[in-house]
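Below: the structure, in C-alpha cells.
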Amino acid sequence: APTIGGVLATLFGWRACFAFRMAFGSLALLFAFWRLSETNRHRESAETARQLVQGYASLFRSRLFWGYTLTTSFISAVFFAFVAGAPYVMIELMGRSPAEYGMYFAIVPSGYILGNFLSGRFAGRMGPNRMILAGTFMVLISIAVMAAAFGTGFVHPAALFGPTFLVGAGNGLVLPSGTAGAISVKPDLAGAAAGLAGSCQIGFGALVAPLIGAALDTTAWPLITVMAISSLCAIAPFGLVAGGRDAKPGH
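For the working numbering, count along the sequence shown from 1 and bump the result up by 3.
This is the structure in C-alpha cells:
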C-alpha cells in the first residue's frame, strides 16, 4: 500500500490516495456483501453477554496471556512507530519523493514475509517462546544497526530501511507465535483472546504514532529512540512466559 500511495501522491497529489482507498474499499465492501456468507452456523449456541464478560475477566487474570499479549504489542509498536515516522524522516529530512519512499518501504513487508515463512518452518520444532525470543532480539539488533548508521553520519534511505528489513522479519517471528500462545492459554476462549490480543497490538500502535509525530524534529533520533524503547519493553513481559510453555494455562 505505501508503494502504491507513494506513486499516487507523487503523480496526482495526496488527495489521490484517499480517492483510491474509497474506490478500493467500495469494491471490497461489494465483494464481501455478495460473496462472503455467514461463517457461524450455530448462532443459537452463541455466548451470552454475561459469558463474554466472564471470559474476558478470566483472560485479564491470566499472567501467561498478558505475557504473550504485551510482548507482541510492544513489538508491533516498533513497526507502527516506524510507519508513523519514516515518511517524515525520508521525505522531509532526506528530501526524497513520496514515490521513492514507497519503493523503499517494500523492503519492510518483504522482511515480514520472510519471518512468517521461518515461523511456519520452525515454530513447531522450536516452540513459541524461542521464536518470540529470536524475533525480539532480531528487532533489537536491527535498531542498534540503524542507530549506528545514523550515528556515523550515514543519513541515507538504506540506513533507514535496510535495518527495518530485520524489524519486519522479527515481527514475522514474534506475532504468529505470540498470538498463538495468547490464544492457547484458554482454548475455550480463543475468539475472545484473539480479539483482545489483536486490539492491544493495534492499540499500542495508536499510542506510539502521535508520540512520534510530536517528538520528530530535524533528525531521525526521536524515531530511533521510540523504536528502541518499545523493543526493550517487549523483553519484560516475556519474562512472564519464559520457560512457560510448560506452565499451566491460566497462571
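Built from N, CA and C at the ideal position, the CB exists for glycine as well.
Cβ-Cβ separation, residue j to residue i (assumed contact under 8 Å), whole Å
i      : j      : result
Gly175 : Asn119 : 4 Å
Cys203 : Thr72  : 5 Å
Thr185 : Ala172 : One point to set straight first is that residue 185 is Ala, not Thr, in the sequence displayed. So it is not a contact: roughly 21 Å between Cβ atoms.
Val92  : Ala223 : 5 Å
Leu210 : Trp69  : Actually they do not touch by this definition, with Cβ atoms about 17 Å apart.
Leu136 : Met149 : Wrong, their Cβ atoms sit about 21 Å apart, outside the cutoff.
Gly114 : Val177 : Actually they do not touch by this definition, with Cβ atoms about 12 Å apart.
Ser233 : Phe77  : 5 Å
Beta-carbon contacts of residue i that lie in its chain and below 8 Å, excluding the five residues immediately before and after
i      : result
Trp37  : none
Ile94  : Ser100, Pro101 and Tyr104
Gln54  : none
Ile146 : Val81, Pro166, Val170, Ile227, Met230, Ala231 and Ser234
Candidates the options, of which the one nearest residue i by Cα
i      : options                           : result
Ala200 : Phe21, Leu14 and Ser79            : Ser79
Phe207 : Asp191, Cys236, Thr228 and Asp220 : Cys236
Val229 : Arg133, Val86, Gly165 and Arg53   : Val86
Leu2   : Asn132, Phe23, Ala84 and Ala239   : Here the chain has residues from 4 to 254 only, and residue 2 is not among them.
Asn132 : Ser187, Phe108, Leu169 and Tyr107 : Ser187
Phe21  : Leu33, Lys189, Leu30 and Gly8     : Gly8
Gly156 : Pro112, Gly127, Met97 and Ile205  : Met97
Element boundaries [alpha helix (DSSP H), containing residue i]
i      : result
Tyr255 : For residue 255 there is no data in the structure shown, the boundaries of the chain being 4 and 254.
Ile186 : Pro160 to Ser187
Arg99  : Unbroken run through Arg99: none, as it is neither H nor E.
Pro131 : Pro131 to Gly154
Val211 : Ala193 to Ala218
Phe157 : No alpha helix (DSSP H) contains Phe157, which DSSP labels as neither H nor E.
Val229 : Trp224 to Cys236
6 Å Cβ shell around residue i - same chain, five flanking residues per side excluded
i      : result
Ala35  : none
Phe82  : Asn174
Val111 : Thr167 and Gly171
Beta-carbon contacts of residue i that lie in its chain and below 7 Å, excluding the five residues immediately before and after
i      : result
Leu192 : Gly58, Ser61 and Leu62
Chain C within 9 Å of residue i, Cβ atoms only
i      : result
Thr182 : Absent from the structure is chain C; it holds one protein chain and no more.
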